[in-house]
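Structure first, commentary second.
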Amino acid sequence: MIDTRTAPYAALLLRVALGGLFWAHAALKIFVFTPAGTAGFFTSLGLPPGLAYATMAAEVLGGFALILGLWTRAVAVLLTPILLGAIFTVHGPAGFFFTNANGGWEFPAFWIVALIVQALLGDGAYAASALLTRSGGRQFADAYSR
């Protein structure tokens, strides 16, 4: 049975943690590896360098949206392919355990599960999308906030 008194706060905690993780990974790519270095790494994997910039933008904007609680369900689903890409290009060949060289696929897979759980839960408490639906009755925000 779901405790309806605490479930919104569980969704909030998960939402903020997921958003923070995406920000941390974006910061690693931007400030440590640099955007050019990240693009070079993507190229070494046989991926177009533009995908590196799109990934960094998605991590920053998606993380921001999750933390604020904007279109949480849609954003959680839309960020999932980034992690699938990480599994199929880098982490999958390294095996299951994340402690393996090049990090295995266990952490990105768990992160995908957490995103799916977030998409199923919705925004949770203190979500900005609730303000949008109250102040203007905006149908789009309402559709993705419950």
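Mapping to numbering that gives the first Met the number 0: the sequence shown position 109 is 108, numbers consecutive. Glycine is no exception: its CB is placed at the ideal position from the N, C-alpha and C atoms.
Considered as a whole, the region 93-127 harbours 105-120 as its complete alpha helix (DSSP H) runs of no fewer than 4 residues, in chain order. Of Phe-63, Thr-5 and Ala-35, the smallest CA-CA separation from Ala-23 is found for Phe-63.
Comparing alpha carbon positions, the residue from Phe-87, Phe-21, Ala-53 and Leu-11 closest to Ala-124 is Leu-11.
Taking a contact to require three or more Cβ pairs closer than 8 angstroms, the region 61-77 and the region 112-120 qualify as touching. By the Cβ rule, the region 46-63 does not count as touching the region 92-100, because fewer than three pairs are nearer than 8 angstroms. Burial is judged here by how many other beta carbons sit within 10 angstroms of a residue's own beta carbon; Met-55 has at least 16 and is buried. In the DSSP assignment, Leu-27 falls outside any alpha helix (DSSP H) and carries neither an H nor an E. Distance from the Cα of Ala-16 is smallest, within the candidate group Leu-46, Leu-67, Phe-32 and Asp-2, for Leu-67. With contacts defined by Cβ atoms closer than 9 angstroms, Thr-88 and Leu-46 form a contacting pair.
Residue state for Ile-1 is assigned as coil, using DSSP reduced to three classes. Of the other Cβ atoms in all chains shown, fewer than 16 fall within 10 Å of the Cβ of Ala-100; this residue is therefore exposed.
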